[in-house]
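Numbering (the working numbering), first residue to last: 0 to 457.
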């Protein structure tokens with residue numbers, strides 16, 4: 000990975016440098032041509048001024064002897080308006096008619112344009128510029144100034160060795176920089192790879208990194224958060240299966256023990272019915288426990304996505320109350336419902352699960368002759384469902400853990416009432432799936448109130 004990464008970054012960097020060099024050469028060529036054009040204008044303006052002030056028929060012949068400075072060699076030509084040549088600094092094309100030359104036509108039309116073409120006279124590419132003027136006698140003539148294009152290219156090619164040398168130096172520096180920079184990146188990446196393998200195998204250690212490597216810090220922080228979440232999930236899952244195994248072991252032991260006694264004939268005929276009832280009760284408890292475990296697992300793994308639709312809240316509450324009417328009557332508990340018959344948007348199945356668990360607990364852990372109040376109200380764009388009882392209440396030390404899986408305030412009492420220890424965990428996850436929350440207000444010996452708050456328009 001390291002070798003491939005370095006080669007790729009080096010190739011990309013060199014490619015960028017070559018593109019930069021090519022663009023630089025193109026820009027140098029462009030600005031060089033612009034500079035030459037300015038030189039043509041400057042030279043033509045100087046000679047034109049001299050031609051307009053000079054007197055005598057041979058004034059132009061003297062002016063073509065204008066001495067150029069530097070390495071640029073300008074060709075100066077004076078042309079009459081009929082196209083015939085008056086004088087030429089290179090003494091070429093004196094017998095030719097230049098009226099068809101584009102620069103001559105532009106000058107006659109008072110247009111300032113530049114033309115580049117191969118000169119038939121000199122057999123090389125030239126850049127031409129021409130202007131019209133009037134000599135002291137008032138005769139209109141044309142002044143043309145030209146320069147070889149190779150002279151323009153000389154600017155570009157003279158800069159090429161410098162650019163190549165600069166590219167070589169930059170390439171060497173780039174190799175050194177890439178090596179160091181890639182090391183600073185690849186080292187934490189390799190560390191990340193090792194830690195991701197640890198996460199995959201169930202082990203996780205928080206990754207530390209030099210804070211000077213700011214580019215990697217967001218990635219490291221994100222992976223640390225994911226790793227901690229997975230670690231917590233693994234711990235919860237391990238605790239869940241440990242607790243589930245313990246909870247299942249109790250009824251299985253009971254069923255196995257009593258069935259073995261029956262097989263050995265150690266239970267009399269008068270106790271068979273009673274023993275069968277115990278075995279059946281434990282089997283029912285184990286079945287309920289497994290059902291709740293599967294339900295909770297599905298919620299935690301997002302398998303039970305809510306199905307939002309219009310539902311009648313009062314009907315769902317009445318159905319949940321009806322499920323526990325017999326158990327309530329056995330303890331002389333009165334269940335009172337305060338709810339308008341209205342249509343809301345929610346998941347009816349999840350709502351019934353919430354209400355069944357809360358009303359069931361309110362009946363199970365209530366006192367004989369107690370009361371259960373189920374009420375609904377709207378508040379701040381939310382629907383609040385309250386289930387309040389006059390039961391045993393919950394101590395302050397237990398309230399923070401009451402929604403944990405398999406947590407019971409009184410383990411012996413919970414098992415006697417048939418509780419699995421998963422009901423309130425299911426309520427919490429069901430409310431979360433509906434984008435809601437569940438809270439508890441309780442006082443030991445005076446009862447409890449569970450409040451489920453759901454969005455009015457999910």
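For glycine and all other residues, C-beta sits at the position ideal for the given N, C-alpha and C.
Predicted model, so just to flag it, every value in this text is computed and none were measured.
Counting only the Cα atoms, residue 124 lies some 23 Å from residue 44. Counting only unbroken stretches of 3 or more residues, the beta strand (DSSP E) elements lying wholly within the stretch 348 to 390 are 370 to 378, 381 to 388, in sequence order. Taken through DSSP and simplified to helix, strand or coil, residue 322 comes out as helix. It is roughly 16 Å from the alpha-carbon of residue 132 to the alpha-carbon of residue 87. Our two residues, residue 375 and residue 282, have alpha carbons roughly 36 Å apart in a direct line. Going by DSSP, residue 426 is part of no beta strand (DSSP E) but of the alpha helix (DSSP H) stretching over 422 to 432. Distance from the CA atom of residue 447 to the CA atom of residue 360, rounded to whole angstroms, is 10 Å. Annotation for residue 87: the continuous beta strand (DSSP E) segment containing it runs 84 to 87. Under the criterion of beta carbons closer than 8 Å, residue 388 and residue 365 qualify as touching, at roughly 5 Å. Per DSSP, the unbroken beta strand (DSSP E) holding residue 438 starts and ends at 436 to 442. If you draw a 10 Å sphere on the C-beta of residue 422, you find 16 or more other C-beta atoms in it, and that means buried. Of 121, 30, 344, 81, the smallest CA-CA separation from residue 311 is found for 344.
Here the C-alpha atom of residue 272 lies approximately 34 Å from the C-alpha atom of residue 404. For residue 445, no beta strand (DSSP E) segment is defined, and its DSSP state is neither H nor E. DSSP places residue 131 within a strand segment (E or B) once states are collapsed to three. Closest by C-alpha distance to residue 90, out of 81, 60, 99, is 60. Counting only the Cα atoms, residue 33 lies some 26 Å from residue 140. The C-beta of residue 17 has fewer than 16 other C-beta atoms within 10 Å across all chains shown, which makes the residue exposed. Between the alpha carbons of residue 146 and residue 76 lies a gap of roughly 12 Å. In the DSSP secondary-structure assignment, residue 124 is bridged to 117. In the structure shown, the three-state DSSP call for residue 80 is coil. Taken through DSSP and simplified to helix, strand or coil, residue 19 comes out as helix. For residue 403, no beta strand (DSSP E) run applies, since DSSP gives it neither H nor E. One Cα belongs to residue 36, the other to residue 29, and the distance between them is close to 11 Å.
Residue 443 and residue 352 have their C-alpha atoms spaced approximately 26 Å apart. The beta carbons of residue 334 and residue 371 sit about 5 Å from each other, so the pair counts as a contact at 8 Å. Annotation for residue 106: the continuous alpha helix (DSSP H) segment containing it runs 101 to 107. A residue is called buried once 16 or more other Cβ atoms fall within 10 Å of its Cβ, and residue 380, having fewer, is exposed. Under the criterion of beta carbons closer than 8 Å, residue 316 and residue 342 do not qualify as touching, at roughly 14 Å. Scanning 52, 98, 393, 348 for the CA closest to the CA of residue 136 turns up 52. By the criterion of a C-beta distance shorter than 8 Å, residue 377 is surrounded in its chain by 383, 455, once the five residues flanking it on both sides are discounted. Residue 39 sits away from residue 80, with the two beta carbons spaced by 8 Å or more.
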